[in-house]
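Read top to bottom, the protein sequences are chains C and A.
Quick note on numbering: the working numbering labels position 5 of the first sequence as 5, and the sequence is numbered without any gaps.
Quick note on numbering: the working numbering labels position 118 of the second sequence as 118, and the sequence is numbered without any gaps.
All C-beta atoms, glycine included, are put in the ideal place defined by N, C-alpha and C.
Protein chains: 2
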Amino acid sequence: MARNADRRNSLMDAGIRVLAEAGARGLTHRAVDVAAGVPTGTTSNYFAGRDDLIAALVERIEERLTPDSDAVDSPPERPRDRHLVEEFVRDVARRLTGEPHVALALFELRLEATRRPTVAATLSEWRQRAFEADVRFHAAQGLPGGRTEIALLHHAIDGLMLDRLTIPLDTGVSTEEAVAALVDRILRTADV
Amino acid sequence: MARNADRRNSLMDAGIRVLAEAGARGLTHRAVDVAAGVPTGTTSNYFAGRDDLIAALVERIEERLTPDSDAVDSPPERPRDRHLVEEFVRDVARRLTGEPHVALALFELRLEATRRPTVAATLSEWRQRAFEADVRFHAAQGLPGGRTEIALLHHAIDGLMLDRLTIPLDTGVSTEEAVAALVDRILRTADV
C-alpha cells in the first residue's frame, strides 16, 4: 500500500516534469512512463484516462506547493503587519523558483484549462479554495489585507513568477526586492 | 507584393489562433495551413522552418498588441499623474482581453521559450525593448513611475491578464477595478 503510494507519487512527479519540459500537449501516459523509467503501461494502470492523470497531477502540484504549517507559524508576540506578510510571500516565491518545473507545470495547466473543461474545473476548484483559505488566514491572524488586497497580491506574484521562470526582463529589481515592494505597496493602505 | 503581405498576415493570424487553441506543441506548418484554409504547403512556402514561423508570429503579436499612437497621445494640459497612467494601462488590458487568443498565444510562447532557445531569444529581445520603451515614455512624458514601478506594473498586469484569460478567480474585483488599484498602489509612492 505504502509502496503503491510511493510509486504513484513518483509517476506524478515524472508527469510534472513532462508537463514542464514538453508542455501540456506532450503529456501522454507513454511520456510519463518514459520519464519515470517504468515499463510501458504502468502510468495507464494507475490513471486510466488523460483526465484522471491531470486531476492527479493537480493534486500533486498542490501538495508540493502548499507550505509546511511551520512556515506559516509565527511567534504570537510578532506584530501582524505587512512585514510578516512579506515573509510569507517571500517563502512562496522561494518555493516556486526553487522548484521551477512544478510552477511551470502549473502555468501549462492554466493554459490547458482554456482548452479542456475538465482541467478548468479541477484547477479552478483548487485555486478558488486556496484563495479563500488565504483570505481566512489573513482575517484569523489579524494580518493586513482583505479580499481585494489578497487578489491583487496573487495576480502580481503570479506575473512576477511567470517572468522569473521563463524569460526574465532585465529590470534591475531582484525577485526579493520585487516581492517586498509589491507586498508593501499593495498592503500599505490596508495596514493597521 | 501587397497581396503577398496580406497572405502573410492572414497566415500569421491563423498561426496565432493555432498557438492559442492547440498550444505551442500543436503549432505546425500543416496546422496553420488548415486553420488558414489554404493548400498544404502554403505556410512552408512563407516560413521555411519552425523557428522562422515562430519569429514571424512574435512579430505579428507585437504588431497586434502595440497601441496606436492615438492611444498614447493626450492633451498637453492633462496632468501627468497616475490617473493618466491608469488610462494607458486600462487600454492595454482592454486590448488583451478583447483579443484573448493573441494574449494566450503570447503566454504559450513564453512557456515555449523555456524549451527553445531561439524562441527565448526572439521573445526576450522584444519584451526588453518594450520595457525600455515604456520606461523612456514615462520619463519623456513626465509620468510617475521609474524603472522599478514599471517593472512591478508589468508583472502585476501580466498576472492579472493570465488570471482573466484562463480560469479567473472569483475575487469580487473586476478587471477595471484591479487595474485601477494596482496602478494606484504601485505608483502612489512615486507620484509627484
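Query	Result
Tell me whether Ala139 of chain C is buried or exposed, calling it buried when 16 or more other Cβ atoms sit within 10 Å of its Cβ.	exposed
Which residue marks the beginning of the alpha helix (DSSP H) containing Ser125 of chain C, and which one marks its end?	Contrary to the premise, residue 125 of chain C reads as Glu rather than Ser in this sequence. That run of the alpha helix (DSSP H) goes 117–141.
From the beta carbon of Ala24 of chain A, is the nearest beta carbon of chain C less than 9 Å away?	yes
Quick check on this structure: which residue in A:Arg127, A:Arg110, A:Gly15, A:Gly26 has the alpha carbon closest to the alpha carbon of Ala35 of chain A?	A:Gly15
Strictly under 9 Å for the Cβ-Cβ distance: is Ala20 of chain A near chain C by that measure?	yes
Would you call the CB atoms of Ala113 of chain C and Ala120 of chain C closer than 9 Å?	yes
Give every residue of the same chain whose Cβ lies closer than 7 Å to the Cβ of Asp191 of chain A, excluding the five residues on either side of it in the sequence, and list them in chain order.	Low confidence applies to Asp191 of chain A: its pLDDT is 48, below 50, so where it sits in the model is not reliable, and the reading given next is rough at best. Excluding positions up to five away in sequence, the list reads Asp81, Arg82, Pro144.
How about Arg82 of chain C: is its C-beta nearer than 9 Å to some C-beta of chain A?	no
Taking Ile186 of chain C as the query, report the chain A residues whose CB atoms sit under 9 Å from its CB, ordered along the chain.	Ala156, Ala181, Leu182, Arg185, Ile186
Is the CB of Arg30 of chain C under 9 Å away from at least one CB in chain A?	no
Report all residues from its chain with a CB closer than 8 Å to the CB of Gly49 of chain C; omit the five preceding and five following residues, and keep chain order.	none
Counting only Cβ pairs nearer than 9 Å, list the residues of chain A close to Ala113 of chain C.	Thr166, Ile167
Leaving aside the five residues before and after Ala56 of chain C along the sequence, list all residues of the same chain whose C-beta is less than 7 Å from its C-beta, in chain order.	Met12, Phe47
Is Gly146 of chain C helix, strand or coil by DSSP?	coil
Just the chain C side, please: which residues come within less than 7 Å of Asp170 of chain A by C-beta, in chain order?	Gln128
Name the residue from C:Ser44, C:Gly37, C:Pro39, C:Arg110 whose alpha carbon lies nearest to the alpha carbon of Thr28 of chain C.	C:Ser44
Since Glu63 of chain C is in the alpha helix (DSSP H), which residue starts that stretch and which ends it?	50–65
What are the residues in the stretch 118–147 of chain C lying within 7 Å of chain A by C-beta distance?	Ala120, Leu123, Ser124, Arg127, Gln128, Phe131, Arg147
Evaluate Val72 of chain C with the Cβ neighbour count: other Cβ atoms within 10 Å of its Cβ, from every protein chain shown; 16 or more gives buried, anything less gives exposed.	exposed
Closest to Val179 of chain C by C-alpha separation, out of C:Phe137, C:Asp68, C:Arg60, C:Thr97, would be which residue?	C:Thr97
Going by C-alpha distance, which of C:Asn9, C:Gly146, C:Val92 is nearest Glu59 of chain C?	C:Asn9
Could you give the distance in angstroms between the alpha-carbon of Pro133 of chain A and the alpha-carbon of Arg115 of chain A?	In the sequence as displayed, the identity of residue 133 of chain A is Ala instead of Pro. Rounded to whole angstroms, Ala133 of chain A to Arg115 of chain A spans 27 Å at the Cα level.
Classify Thr30 of chain C: buried if its beta carbon has 16 or more other beta carbons within 10 angstroms, exposed otherwise.	Per the sequence shown, residue 30 of chain C should be read as Arg rather than Thr. So Arg30 of chain C counts as exposed.
Could one say the Cβ of Ala151 of chain C lies closer than 9 Å to chain A's Cβ atoms, at least one of them?	yes
Using a C-beta cutoff of 9 Å, does Gly159 of chain A count as contacting chain C?	yes
Does chain C have any CB closer than 9 Å to the CB of Phe88 of chain A?	no
For Val173 of chain C and Asn4 of chain C, what's the separation of their Cα atoms in angstroms?	45 Å
Identify the contact partners of Ala178 of chain A in chain C, using a Cβ-Cβ distance below 8 Å as the criterion.	Ala151, Leu152, His155
Pop quiz: Val89 of chain A and Ile157 of chain A are said to be a contact at Cβ under 8 Å. What is the actual Cβ separation, rounded to whole angstroms?	6 Å
Where Leu165 of chain A and Thr66 of chain C are concerned, what is the direct C-alpha to C-alpha distance, given to the nearest angstrom?	24 Å
Do you know offhand how far Asp170 of chain C's Cα is from Gln128 of chain A's?	7 Å
Show which residues of chain A have a CB atom less than 8 Å away from the CB atom of Val173 of chain C.	Arg147, Thr148, Ala151, Leu152
Using a Cβ-Cβ cut-off of less than 9 Å, give me the residues of the stretch 42–70 of chain C that come near chain A, in sequence order.	none
Pick helix, strand or coil for Val192 of chain A, following the three-state DSSP scheme.	Because Val192 of chain A sits at a pLDDT of 41, beneath the cut-off of 50, its placement in the model cannot be relied upon, and the following sentence gives the value as read from the coordinates. Three-state result, Val192 of chain A: coil.
Any Cβ of chain A within less than 9 Å of the Cβ of Asp163 of chain C?	yes
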